[in-house]
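Notes follow the structure.
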Amino acid sequence: MAVKGNKYGAFKGVFTPSILTILGVIMYLRLPWIIGQAGLWATLGIILVAHIISVTTGLSVASIATDKKVETGGTYYMISRSLGLPIGGTLGLALFVGLSFSISLYIIGFSETLLTAFGLEITLNTIRLTGAITLLVVTIVSFISTNLALKTQFLILGIMVLSIASILLGKHEFVPKTPLSGSAVNSLPWIALFAIFFPAVQGFEAGVSMSGDLADPKKAIPRGTISAILVGFVVYIGLIFFFSYTVERDALLNDSSVLLNISLYSPLVIAGIWGATLSSAFGGLLGAPRILQATAMDRITPKIFAKGVGAGNEPRNALLLTFVIAFAGIMIGD
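Below you can see the structure in the form of structure tokens.
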């Protein structure tokens with residue numbers, strides 16, 4: 014059933030949550046290390062192969078979105094209408110649980126970096142406490158209004174753009190004598206490095222999950238999805254060349270604070286890392302409840318989760334269950 018309150022366009026509803034997840038934690042914490050391991054050309058190969066898969070998947074999603082009526086549920090809705098409810102329902106529940114637990118991972122990552130930044134001891138209990146408070150705050154924002162959550166993502170996007178600029182315009186104290194064209198001695202296999210990077214390019218699913226809240230899904234999903242994939246590709250290619258030509262291999266491999274050390278203003282990089290984790294958590298809190306709501310509308314899960322609130326049919330009951338699952342993940346704490 015379509016929602017009368019749908020109002021988001023391609024940029025706000027699809028592009029922004031997608032690009033924030035694509036340019037997320039992996040870009041800040043894993044890309045420099047991967048370049049140190051693989052070197053320029055092998056890392057370019059990783060990026061190209063990952064984006065060939067991503068573009069192919071994105072074009073398939075765009076094709077389904079333009080060919081069929083798309084409502085609440087994003088990827089689940091498309092799969093269930095293409096392959097049937099038995100297959101779609103199984104995958105939908107797996108997507109919901111996976112997204113809900115991924116929120117825990119993002120918030121634990123945020124909690125660890127927050128505690129480190131303030132010089133506090135990282136223990137199981139401090140991670141649990143910080144994570145629980147953070148989860149409560151982002152859930153309240155998402156509970157109040159999807160629109161408020163998306164506006165918060167605009168702020169995070171601005172911070173991440175500034176943090177990338179701070180890295181590119183920063184210090185040049187670690188410039189190698191020659192570009193890092195080859196791989197490091199005893200580097201990990203190419204396929205292992207590819208597996209570490211690949212989750213980054215799957216971030217466009219965060220935008221697709223907003224399908225039920227879009228004014229015109231047939232236009233917004235293809236435009237927002239493909240744009241996010243292409244922008245992410247350009248940024249990653251640029252960063253690969255930048256790191257390969259301006260940062261020596263030892264720093265990329267062994268200095269976990271290398272981005273802070275080379276940046277023009279390190280607090281912006283810290284804020285960018287926090288923004289990356291929080292935006293991914295927001296993406297999960299916006300996407301997972303909508304998948305559960307769609308499965309409930311199809312009578313796969315209890316119908317209490319099908320109920321929405323307000324003109325936008327916001328899935329608050331489903332959001333509460335998502336919160337409980339994410340909270341359980343944080344209580345594990347590791």
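Counting from 1, position 126 in the sequence shown corresponds to residue 139 in my numbering; the numbering is continuous, with no gaps.
C-beta atoms are modelled at their ideal positions from N, C-alpha and C, and glycine is treated no differently.
Given the structure is predicted, the values throughout are model-derived calculations rather than measurements.
Assigned secondary structure, residue i (DSSP; H/G/I helix, E/B strand, else coil)
| i | result |
| --- | --- |
| Val-68 | helix |
| Leu-170 | helix |
| Leu-281 | helix |
| Leu-193 | coil |
| Gly-227 | A quick correction: the sequence has Leu, not Gly, at residue 227. Leu-227: strand per DSSP, three-state reduction. |
| Thr-34 | helix |
| Gly-101 | helix |
| Glu-125 | helix |
| Asn-160 | helix |
| Glu-84 | coil |
| Leu-201 | coil |
| Ile-135 | coil |
| Lys-2 | There is simply no residue 2 to check, as the chain begins at 14 and stops at 347 in what is shown. |
| Leu-61 | helix |
| Asp-263 | helix |
| Leu-148 | helix |
| Val-110 | helix |
| Lys-184 | coil |
| Ser-222 | coil |
| Ser-270 | coil |
| Ile-313 | coil |
| Ser-9 | The structure shown does not extend to residue 9, since the chain is modelled only from 14 through 347, so no value can be given for it. |
Rounded Cβ spacing between residue i and residue j (contact assumed at less than 8 Å)
| i | j | result |
| --- | --- | --- |
| Gly-285 | Tyr-21 | Actually they do not touch by this definition, with Cβ atoms about 25 Å apart. |
| Ser-179 | Leu-291 | Contact flag wrong, Cβ pair sits at about 18 Å. |
| Ala-295 | Ala-162 | A small correction: the amino acid at residue 295 is Phe; Ala does not occupy that position in the sequence shown. Between Ala-162 and Phe-295 the Cβ distance is about 5 Å, and since that is below 8 Å, they are a contact. |
| Leu-206 | Ile-47 | 5 Å |
| Asn-330 | Phe-318 | 5 Å |
| Pro-328 | Leu-305 | 7 Å |
| Pro-152 | Ser-124 | It is Thr, not Pro, that sits at residue 152 in the sequence shown. Wrong, their Cβ atoms sit about 15 Å apart, outside the cutoff. |
Beta bridge counterpart(s) of residue i as assigned by DSSP
| i | result |
| --- | --- |
| Glu-327 | Val-322 |
| Tyr-41 | Tyr-41 pairs with nothing; no bridge assigned. |
| Tyr-21 | Leu-227 |
Cβ of residue i within 7 Å of any chain E Cβ
| i | result |
| --- | --- |
| Gly-105 | Looking at the structure shown, chain E is missing, and only one protein chain is on hand. |
**Prompt:** Taking contact to mean at least 3 C-beta pairs separated by less than 8 Å, is the segment 211 to 225 in contact with the segment 32 to 52?
**Reply:** Contact holds: three or more Cβ-Cβ distances are below 8 Å.
**Request:** State whether the segment 237 to 244 contacts the segment 66 to 77, with contact taken as three or more CB pairs (one from each stretch) at a distance under 8 Å.
**Result:** Output reads yes: the segment 66 to 77 touches the segment 237 to 244.
**Message:** If contact is defined by three or more beta carbon pairs under 8 Å, each pair taking one atom from either stretch, is the segment 53 to 70 in contact with the segment 225 to 237?
**Reply:** Contact between the segment 225 to 237 and the segment 53 to 70 is not established, with fewer than three Cβ pairs separated by less than 8 Å.
**Message:** Taking contact to mean 3 or more Cβ pairs, one atom from each stretch, closer than 8 Å, check whether the segment 84 to 102 and the segment 111 to 122 are in contact.
**Reply:** The segment 84 to 102, when compared against the segment 111 to 122, does not touch it at the 8 Å Cβ threshold.
**Request:** Take every Cβ of the segment 255 to 264, pair it with every Cβ of the segment 188 to 197, and state whether three or more of those distances are shorter than 8 Å.
**Result:** Touching, per the Cβ criterion.
**Prompt:** Would you call the segment 305 to 320 and the segment 126 to 133 touching, i.e. three or more CB-CB distances under 8 Å?
**Reply:** The segment 305 to 320 is not in contact with the segment 126 to 133.
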